[in-house]
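Undergrad:
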Amino acid sequence: MRFSIGIAILMAGVASAQNFRVVADILSSVPGQGSQSRTWYGDGNLYVGPFVPTTVSNALNFTIPNYGSSASRPIVGPLPPATEADLPAGTFFAVNTTAGATDPFVFTNDESTLGEGFVANWLRYGTRLLPNIGSLDSRFYLEPTAQPSTWIVTWRAPGASTEGLRAIHLLAIL
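Per mature numbering (1 follows the signal peptide of the UniProt record, and there is no 0), the sequence shown runs over residues -17 to -1, 1 to 157.
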C-alpha cells in the first residue's frame, strides 16, 4: 500500500514539472478543420511557419523547461543546437493587453524593457497558455510576414481590428 501511494506521489510530481513546447492551435470557422503548428523564437518574437523571414537574424526552437502548474512566469530555454548565447537565461514572454493593443508576443529577460500594459504572468488552463488578465479570453492572432507561409503571433485587445488575421490558441504541450 505504501509503495502504491509513494509511486502516485512521485508520478504527480513528475507530471507537474516537465518540459513543454508551445504550439499554435490554428482555429477555423469550419468545425474539425483547424490545425496545429509548432512555434519558434525569432529576434524576440513568436513565429509560426516553416520559413524564417530575411529580416530575422536569430531564429531558434525553444522549450519551457520544468514548467509546473503553479509557475506564473514561465521561463523559456533554447533547444540544441541553440545555446544561452542565443536566448539568455531568465528569458520569459509577455503580451500587451491594453485597449487597442496590436503588439506582437515578445520574449525578454528584462522586465524594465516592457512598456505599460504588458503582462508577463501566465496561467495554464488545461493545455491552453493564457496571459493572467482575469479572464480566459484568448486573443492571439497570426499576422502575415513578408515571408510567405510564415506568421508572427500578435495579441489583439478588444476593439482592435482582426480583419484578415487567423485566430489561434497557444498550447503548452509535452
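Every residue, glycine too, gets a C-beta built ideally from N, C-alpha and C. None of the values given here were measured: they were computed from a predicted structure.
1. On the DSSP letters alone, give me the boundaries of the beta strand (DSSP E) that Phe75 sits inside.
2. So what's Glu94 in DSSP terms, helix, strand or just coil?
3. Buried or exposed: Ala84, going by 16 or more other Cβ atoms within 10 Å of its Cβ?
4. Count the other CB atoms, across all protein chains shown, that sit within 10 Å of the CB of Arg139; report buried if there are 16 or more and exposed otherwise.
5. In the DSSP assignment, the beta strand (DSSP E) including Arg111 goes from what residue to what residue?
6. Given this structure, state the Cα-to-Cα distance separating Asn28 from Ala129, to the nearest angstrom.
7. Under 7 Å Cβ to Cβ from Gln36, same chain only, skipping five residues before and after it: list those, please.
8. Quick check: what's the CA-CA separation for Glu67 versus Tyr30?
9. If I measure Cβ to Cβ from Ala143 and keep anything under 7 Å in the same chain, skipping five residues before and after, which residues do I get?
10. If you draw a straight line from the C-alpha of Asn79 to the C-alpha of Leu106, how long is it?
TA: With the structure as the only source:
1. That run of the beta strand (DSSP E) goes Phe75 to Asn79.
2. The answer is helix: DSSP assigns Glu94 an H, G or I state.
3. Result: buried.
4. By the neighbour-count criterion, in which a residue is buried when 16 or more other Cβ atoms sit within 10 angstroms of its Cβ, Arg139 is buried.
5. For Arg111, the enclosing beta strand (DSSP E) begins and ends at Arg111 to Pro114.
6. A straight line joining the alpha-carbon of Asn28 with that of Ala129 spans about 15 Å.
7. A quick correction: the sequence has Pro, not Gln, at residue 36. Within the same chain, Pro36 has close Cβ partners Thr128, Ala129, Gln130 and Thr133.
8. Looking at the backbone, the Cα of Glu67 and that of Tyr30 are separated by about 19 Å.
9. Hits under 7 Å: Gly83, Ala84 and Thr85.
10. Asn79 and Leu106 have their C-alpha atoms some 16 Å from each other.
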